[in-house]
Amino acid sequence: MSEPRAVRAGDELPREPLDAWLATHVPHLGPVREVSQFPGGFSNLTYLLTCAHGEAVLRRPPHGVAAGKAHDMPREAGILSVLELRGIPAPKALAVCDDATVIGAPFYVMERMRGLILRGATAPSACTADTFARLGASFVDTLVAIHGATPADPVIGGLGRPLGYVGRQVEGWTERWHRSRDDAVPAMEQLAAWLAERQPGESGACLVHNDYKYDNLVLDPTDPARIIAVLDWEMATLGDPLLDVGTALAYWVEAGDPPTFKALGLGVTALPGNLTRAELWARYLERSGRAMRPAAWYHAFGLFKVAVIAQQLFARHRKGLTTDERFGRLGEAVHLLAALGGRAAAG
16 MSEPRAVRAG DELPREPLDA WLATHVPHLG PVREVSQFPG GFSNLTYLLT
66 CAHGEAVLRR PPHGVAAGKA HDMPREAGIL SVLELRGIPA PKALAVCDDA
116 TVIGAPFYVM ERMRGLILRG ATAPSACTAD TFARLGASFV DTLVAIHGAT
166 PADPVIGGLG RPLGYVGRQV EGWTERWHRS RDDAVPAMEQ LAAWLAERQP
216 GESGACLVHN DYKYDNLVLD PTDPARIIAV LDWEMATLGD PLLDVGTALA
266 YWVEAGDPPT FKALGLGVTA LPGNLTRAEL WARYLERSGR AMRPAAWYHA
316 FGLFKVAVIA QQLFARHRKG LTTDERFGRL GEAVHLLAAL GGRAAAG
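Just add 15 to the spot in the sequence shown (first one is 1) and you have this note's numbering.
Following this line, the structure appears as structure tokens:
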């Protein structure tokens, strides 16, 4: 994971009850020496526990949010256990606490995965054009492997309701938009209507990550084209795999994209050697054996979804529910993502 920093004001963990719980449930780690916080990510709060005999990562929901799948800690830990059984690269869950009285919310503890995470729009010198070409292939092929887990697999069959998934996703993200918006954004209303009117039929059902992108991957520092873990499974469920690819496309910036989009710093995918969005889509369809179809609807849906997430985070900041200053800069991103979604819809 990325390097931790001092815990943000307001995000502190109550040490005494936490230490007592850890001593009972993960005694092999020994006493906690230090607690720090991973600054990346915009959803669940993630901490590094430096203990006498090793390290571990603790995840809990953010403050001031309603319970739901994305903040269901026992569910997320259970997904990690499923991934371990299937051999999909992900951290191992060590222990789960569903008692909110211990630290103020349910949480779980998992192993720390050390490696390289590509955040922002710059990359280390080890990431050459050849590295990115190979990483792009690994990125797609790992997603295909994740999607190889289907509802017929008994260890994931209870994760979600795949029937009607596309329609529920459009309705659900549109409802989230209406609940979180505080200013008129006509482009979002137009995009929501277009997605509802043009939604495609189901392409199948499988395990979907729902937030698959470069900065949710841990890479081998000696060979950054090798993925050693996929992180942040809080939104994983059973659903249509092409919506998962659409979300990945929404985060995939290209060299020819508008400067304002590149300025969001969503990732390093605009650097030389990376796949284009069209190449990513084509490789996924080829490697997964799915029938060729246009990417436009799925890409537009992904941009709409990311815009709604940005608005939800912006709204939390405006309500004073978080001190993370990154959230306060997301209002402009909503307008930009809505415009890009409209452009994707137009083909």
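Where is the CB? At the ideal position from N, CA and C, for every residue including glycine. Values in this document were obtained by computation on a predicted structure and should not be read as measured data.
Quiz item: In terms of DSSP beta bridges, what is residue 66 paired with?
Solution: 47 and 69
Exercise. My understanding is that residue 328 touches residue 259, with C-beta atoms under 8 Å, so please give their C-beta distance in whole angstroms.
Key: Rounded, the Cβ-Cβ distance is 21 Å, inconsistent with contact.
Exercise. Hey, could you find the ends of the beta strand (DSSP E) residue 123 is sitting in?
Key: 122-126
Quiz item: So, are the CB atoms of residue 243 and residue 128 less than 8 Å apart?
Solution: yes
Quiz item: Does the distance from the C-beta atom of residue 265 to that of residue 223 stay below 8 Å?
Solution: no
Self-check item: Through-space distance from residue 233 to residue 364, alpha-carbon basis
Solution: Not covered by the structure: residue 364. The range shown for the chain is 16 to 362.
Quiz item: By DSSP, does residue 194 sit in helix, in strand, or in coil?
Solution: helix
Exercise. With a 10 Å radius around its C-beta and 16 neighbouring C-beta atoms as the bar for buried, classify residue 71 as buried or exposed.
Key: buried
Self-check item: C-alpha gap between residue 275 and residue 351, whole angstroms
Solution: 8 Å
Practice problem: For the alpha helix (DSSP H) holding residue 113, just list the boundary residues, first then last. | Solution: Segment: none, residue 113 is in no alpha helix (DSSP H) and carries neither H nor E.
Quiz item: Going straight from the alpha carbon of residue 167 to that of residue 140, what length do you get?
Solution: 43 Å
Quiz item: Distance, Cα to Cα, residue 100 vs residue 213?
Solution: 38 Å
Self-check item: Span separating the alpha-carbon of residue 150 from that of residue 236
Solution: 13 Å
Quiz item: Which partner residues does residue 357 have in the DSSP bridge list?
Solution: Beta-bridge pairing links residue 357 to no other residue.
Quiz item: Which value, in whole angstroms, describes the spacing of the CA atoms of residue 308 and residue 283?
Solution: 27 Å
Self-check item: Assigned secondary structure, residue 327 (DSSP; H/G/I helix, E/B strand, else coil)
Solution: helix
Self-check item: Same chain, Cβ closer than 6 Å to residue 49, neighbours up to 5 away in sequence not counted
Solution: 65
Exercise. Would you mind giving the Cβ-Cβ distance between residue 117 and residue 92, rounded to the nearest angstrom? I have them listed as a contact below 8 Å.
Key: That pair is no contact at about 15 Å.
Quiz item: Is residue 30 buried or exposed, if buried means 16 or more other CB atoms sit within 10 Å of its CB?
Solution: exposed
Self-check item: Start-end ranges of the alpha helix (DSSP H) lying completely within the region 191-263, minimum 4 residues
Solution: 201-213
Quiz item: Should residue 226 be labelled buried (16 or more other beta-carbon atoms within 10 Å of its own) or exposed?
Solution: buried
Quiz item: What are the start and end residues of the alpha helix (DSSP H) that includes residue 147?
Solution: 144-161
Exercise. For the alpha helix (DSSP H) containing residue 97, list its first residue and its last residue.
Key: 88-101
Quiz item: Taking all protein chains shown into account, do 16 or more other C-beta atoms lie within 10 angstroms of the C-beta of residue 39, making it buried, or fewer, making it exposed?
Solution: exposed
Quiz item: Per DSSP, which one or two residues make a beta bridge with residue 74?
Solution: 61 and 123
Quiz item: Considering only residues of the same chain and omitting the five flanking positions on each side of residue 287, which have a CB-CB separation below 6 Å?
Solution: 144
Quiz item: Hey, quick one: how far does the alpha helix (DSSP H) through residue 308 stretch, first residue to last?
Solution: Here residue 308 belongs to no alpha helix (DSSP H), and DSSP marks it neither H nor E.
Exercise. State the Cα-Cα distance for the pair residue 77 and residue 257, rounded to the nearest angstrom.
Key: 29 Å
Quiz item: Using a Cβ-Cβ cut-off of 7 Å (strictly less than) and excluding sequence neighbours within five positions of residue 138, which residues of its own chain qualify?
Solution: 283 and 286
Quiz item: In the structure shown, what three-state DSSP assignment does residue 133 receive?
Solution: coil
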